[in-house]
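See below for the structure under consideration.
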Amino acid sequence: MNRSAVFLTLALFLGGAVIFGATFADEASPAPGKETGGAELAKQLRAMLVAQTEAKQKEDLAGTIENVDARLIVKYGTQFGQIFKTYKIEYSLDDFKLLYHDDEIAVTRVKQTLKKVEGPDFKDNERDALQIFRKRDGKWKIYEQVILDRTFLEAAPKPAPATQPKEQPDTKPGKED
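Mapped onto the numbering used here, the consecutive letters of the sequence shown carry residue numbers 14 to 190.
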């Protein structure tokens, strides 16, 4: 089984565990001295995602892909380069939970909202996703994302176009045509 299949299997397993209410972050016990505690790691990973969200907001491609695993840089670079050329989107990181970690892999559950500010048709949405991180050369990198659910938000009603009142013919008595 190749690495992608292993990580996808892990993501699906953890996704199922999340759906059925199990969490593993409190049970993860890395070897002493090998990994920071769960709370410290959660703080670090959350800060990484906040920085990425801010970079997306500024349409900063380098900042958006800064903490992405090398195998995804071209994909993310192409994808976000096109998004930044086409749209202006408001991004927000609404919720973050560390579900599992060991000394090489961490899995978080995140909720994000994307709202179009400018650009062609786009459906504003909220995403519930598993974000998988992998430690490379001592640094955590975004390795994969699995979207569990996407909810499309109702578009705000557009104001009705302003109409000018129709001119009424002058029908006052004594006026001749």
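In this text, a Cβ means the ideal position worked out from N, Cα and C, and glycines have one as well. From a predicted model like this one, the values you see are computed outputs, not experimental measurements.
Put Y89 into one of helix, strand or coil per three-state DSSP. Y89 falls in the helix class under three-state DSSP.
Residues that T164 bridges to, as DSSP identifies them: Looking at the DSSP assignment, T164 forms a beta bridge with E139.
Taking only three categories from DSSP, how would you classify E103? It is a strand residue.
In the DSSP assignment, find the alpha helix (DSSP H) that holds R122 and state where it starts and stops. Where R122 is concerned, there is no enclosing alpha helix (DSSP H), although the beta strand (DSSP E) it sits in stretches over 118–131.
Figure out for me which residue from A55, K56, N80 has the closest Cα to the Cα of D150. Ranking the options by Cα distance to D150, first place goes to N80.
Going by C-alpha to C-alpha distance, which of V123, Y113, G50, K88 sits closest to T66? Comparing alpha carbon positions, the residue from V123, Y113, G50, K88 closest to T66 is V123.
Flag this pair as yes or no: are the beta carbons of V6 and A142 separated by less than 9 Å? Absent from the model: residue 6. The displayed extent of the chain is 14 to 190, so no value can be given.
Expressed to the nearest angstrom, what Euclidean distance is found between the alpha-carbon atoms of D134 and Q144? Using only the alpha carbons, I get a separation of about 27 Å.
Does the beta-carbon of A41 have 16 or more other beta-carbons within 10 angstroms, so that it is buried, or is it exposed? A caution first: A41 carries a pLDDT of 43, below 50, which makes its placement in the model unreliable, though a value can still be read off. So A41 ends up on the buried side.
Whether F93 touches L58 by CB criterion (9 Å): Not closer than 9 Å, so no.
Beta-carbon contacts of R163 that lie in its chain and below 6 Å, excluding the five residues immediately before and after: If the five residues before and after R163 are omitted, its C-beta is found closer than 6 Å to the C-beta atoms of N138, R140, all from its own chain and listed in chain order.
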